[in-house]
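The numbering of the sequence shown is the working numbering, which starts it at 16 and goes up by one.
Yeah, the Cβ is synthetic: ideal placement off N, Cα and C, and Gly gets one too.
This one's a predicted model, so the numbers in the text were calculated from it and none came from an experiment.
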Amino acid sequence: MAEFDLVVRGGEVATGFGTTRCDIGIRDGRIVTLAERLDTDGPSVSADGLLVLPGGVDTHCHIEEASPSGVAEESFTSASRAAFAGGTTSVVCFIPQWKGGGVLERHADAEARAKKGMVDYSFHQIISDPTEAVLEREIPELVAKGIRSLKVFLTYEPLHLSDAEYLKVLVTARKHGCLVTVHCENYAAINWRTEALLAAGMTEPKYHAWSRPPVVEREATHRAIALAELVDQPIQVFHVSCAEAAEEIARAQARGVKVWGETCPQYVTLTAADMDRPGFEGAKYMCSPAPRDTAEHAKIWDMIRRGVLDVVSSDHCAFTYAGEIGKGKNGRDAVFRDIPNGIPGLAARLPILFSEGVSKGRLTLDDFVRLTATNPARLMGLAPRKGSIAVGADADLVLWDPRAKRTITNAMMQHAVDYTPYEGMEITGWPMMTIRRGEVVMRDGVVQAEPGTAKFLPRGPYAMIAPRGVLANGFDAAPVL
Ligand code: URP
Ligand code: ZN
Ligand code: ZN
Numbered sequence: 016m017a018e019f020d021l022v023v024r025g026g027e028v029a030t031g032f033g034t035t036r037c038d039i040g041i042r043d044g045r046i047v048t049l050a051e052r053l054d055t056d057g058p059s060v061s062a063d064g065l066l067v068l069p070g071g072v073d074t075h076c077h078i079e080e081a082s083p084s085g086v087a088e089e090s091f092t093s094a095s096r097a098a099f100a101g102g103t104t105s106v107v108c109f110i111p112q113w114k115g116g117g118v119l120e121r122h123a124d125a126e127a128r129a130k131k132g133m134v135d136y137s138f139h140q141i142i143s144d145p146t147e148a149v150l151e152r153e154i155p156e157l158v159a160k161g162i163r164s165l166k167v168f169l170t171y172e173p174l175h176l177s178d179a180e181y182l183k184v185l186v187t188a189r190k191h192g193c194l195v196t197v198h199c200e201n202y203a204a205i206n207w208r209t210e211a212l213l214a215a216g217m218t219e220p221k222y223h224a225w226s227r228p229p230v231v232e233r234e235a236t237h238r239a240i241a242l243a244e245l246v247d248q249p250i251q252v253f254h255v256s257c258a259e260a261a262e263e264i265a266r267a268q269a270r271g272v273k274v275w276g277e278t279c280p281q282y283v284t285l286t287a288a289d290m291d292r293p294g295f296e297g298a299k300y301m302c303s304p305a306p307r308d309t310a311e312h313a314k315i316w317d318m319i320r321r322g323v324l325d326v327v328s329s330d331h332c333a334f335t336y337a338g339e340i341g342k343g344k345n346g347r348d349a350v351f352r353d354i355p356n357g358i359p360g361l362a363a364r365l366p367i368l369f370s371e372g373v374s375k376g377r378l379t380l381d382d383f384v385r386l387t388a389t390n391p392a393r394l395m396g397l398a399p400r401k402g403s404i405a406v407g408a409d410a411d412l413v414l415w416d417p418r419a420k421r422t423i424t425n426a427m428m429q430h431a432v433d434y435t436p437y438e439g440m441e442i443t444g445w446p447m448m449t450i451r452r453g454e455v456v457m458r459d460g461v462v463q464a465e466p467g468t469a470k471f472l473p474r475g476p477y478a479m480i481a482p483r484g485v486l487a488n489g490f491d492a493a494p495v496l
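Right, here's the structure in full:
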């Protein structure tokens with residue numbers, strides 16, 4: 016019997032702390048040996064001339080959210096194809112809570128959907144209605160099932176929480192050892208500006224950006240952090256789009272507050288001008304927060320390099336463009352307020368960040384590995400199983416050609432929807448092969464994984480998100496008994 020199920024030979028293996036030329040021995044889905052040379056028979060793949068990177072970990076993906084306001088076009092099977100096509104091997108998705116309902120009742124359905132796919136997964140639980148039953152009884156049960164992150168929205172109808180509700184979620188997360196992830200935009204301010212814009216006849220997609228300028232993101236980011244600091248509960252600020260918001264995070268980090276910032280490829284590539292394309296075309300670029308401008312892109316790159324923003328996720332939220340569902344569900348002349356927010360990006364995330372970051376000299380390869388795999392895995396309690404190339408880790412690997420040139424087309428994204436906002440983008444650096452738990456699941460763009468092979472990634476307690484023990488006046492208003 017061969018010593019290894021698979022050997023990856025001769026690649027430049029990226030550890031996040033430099034690269035080393037070595038062979039990787041894989042058995043039972045895990046990395047069991049890293050050696051200069053493995054002289055063994057048995058199955059192998061050549062990584063000559065290629066980088067070997069840890070499989071991407073995308074901790075912000077909206078897939079098959081079966082709720083009245085959720086995204087449903089993408090299935091876990093099609094999203095898995097997109098993930099593998101782009102070099103991602105693990106995702107963290109969302110279980111929605113319907114207002115008036117509980118959260119446990121959604122769990123079995125989400126689990127049944129996700130396990131039909133091929134990409135390994137965990138969940139964030141969205142809390143849109145923090146009733147006593149949810150906070151006291153259901154969240155502890157979810158934690159026992161291995162879910163360790165709660166997602167809250169400070170804007171969006173019908174998901175947004177008041178400050179009082181947000182505080183309750185923070186307290187519950189602290190008690191049960193969860194991370195809270197936050198969508199930071201000011202609900203009342205956006206509504207007020209939206210009403211004024213619509214009353215003035217400014218209804219086209221480009222006014223989406225006008226309805227939510229950076230100040231509304233900055234204010235909510237400041238408030239989200241301040242309340243988390245008060246409770247002494249770690250948070251991650253999702254999809255930071257502008258320097259004003261990132262500066263709030265930087266200031267809090269300098270005080271020692273446990274706050275982490277995520278950004279996405281759209282905030283270093285797309286601009287508000289994209290939403291000003293003719294007709295309904297601008298809807299393809301509508302997401303929240305809104306894309307800004309090239310000056311803001313430069314500032315976001317700075318914040319990434321400084322480590323203020325230490326995770327780059329896709330915020331994949333794939334709505335169909337043509338026809339009467341998805342972006343067009345309220346008609347193709349709908350006012351911007353009524354066009355669903357969100358763009359697809361699961362397959363494009365790694366190629367765009369590599370090309371715009373590493374190939375253009377803005378990031379090192381180590382930065383890239385940490386931003387796209389190691390940091391998200393650590394922050395979500397998935398490390399050391401996911402996010403790095405190390406003995407004992409799952410054998411999730413991407414063989415990457417740093418010189419390959421591609422022009423993005425929608426077909427290359429392999430998702431279930433009919434457009435990509437990155438159509439025509441020139442890319443240098445491309446995934447040639449994706450390996451999930453020791454199995455080749457994508458080779459030269461052809462995804463060959465069997466549906467139903469995804470694995471749930473349960474998360475236990477982890478030190479990174481422990482409270483600091485720093486409390487105003489030393490008084491703990493919500494002691495963990
Ligand atoms: O526009 C976006 N980002 N849609 C997805 C939902 C969210 O806010 O993360
Ligand atoms: Zn969000
Ligand atoms: Zn999102």
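Just how far apart, CA to CA, sit residue i and residue j?
i, j, result
"R227", "H237", "16 Å"
"E80", "D54", "47 Å"
"Y181", "D353", "26 Å"
"L386", "L213", "39 Å"
"Y437", "G101", "13 Å"
"W316", "L285", "14 Å"
"I46", "T468", "19 Å"
"A17", "V23", "14 Å"
"G70", "I39", "14 Å"
"S370", "A288", "22 Å"
"A204", "D63", "54 Å"
"L245", "L394", "21 Å"
"G116", "V167", "16 Å"
"C302", "S143", "20 Å"
"A127", "F490", "43 Å"
"D382", "R321", "11 Å"
Using the Cβ count rule (16 or more neighbours within 10 Å means buried), how would you classify residue i?
i, result
"Q5", "Past the edges of the chain, shown from 16 to 496, lies residue 5, and the structure says nothing about it."
"R189", "buried"
"K342", "buried"
"W207", "exposed"
"S61", "exposed"
"V461", "exposed"
"G444", "buried"
"N345", "exposed"
"G271", "exposed"
"A211", "exposed"
Do you know whose CA, among the options, lies nearest residue i's CA?
i, options, result
"M318", "E438, H122, V283", "V283"
"V432", "C257, R96, T387", "R96"
"F471", "K401, A481, L365, T30", "K401"
"D135", "P473, P355, C257", "P473"
"E263", "A241, P280, A127", "A241"
"H77", "E151, C332, L176", "C332"
"A362", "T389, Y300, N425", "N425"
"R138", "F109, A148, L397", "First, the residue type needs correcting, since residue 138 is Phe and not Arg in the sequence shown. Ranking the options by Cα distance to F138, first place goes to F109."
"G57", "N356, L21, A50", "L21"
"V255", "V323, D459, V118", "V323"
Please go through the same chain and pick out, in chain order, the residues whose beta-carbon is closer than 7 Å to the beta-carbon of residue i, but skip the five residues on each side of it.
i, result
"F253", "H75, T196, V197, H198, E277"
"S93", "H430, A431"
"H191", "I154, P155, V158"
"T449", "G70, F99, G102, T104, V413, V456, M457"
"R52", "D38"
In chain order, what residues of the same chain have a beta carbon less than 8 Å from the beta carbon of residue i, not counting five sequence neighbours either side?
i, result
"T309", "T286"
I want to see whether chain D comes within less than 7 Å of residue i, judged by CB atoms only; does it?
i, result
"V485", "Considering every chain present, this structure includes no chain D. It has just one protein chain."
Tell me which residues share the same chain as residue i and place their Cβ nearer than 6 Å to its Cβ, disregarding the 5 neighbours each side in the sequence.
i, result
"R163", "C193, G396, R474"
"T389", "G31, G402, S403"
- Message: Across the stretch 404-423 and the stretch 330-338, are there enough close Cβ pairs to call them in contact, namely three or more that are closer than 8 Å?
- Response: Not touching, per the Cβ criterion.
- Message: Taking 8 Å as the cut-off, does the stretch 477-486 touch the stretch 119-136 (at least 3 CB pairs, one atom from each stretch)?
- Response: Flag = no, the stretch 119-136 and the stretch 477-486 do not touch.
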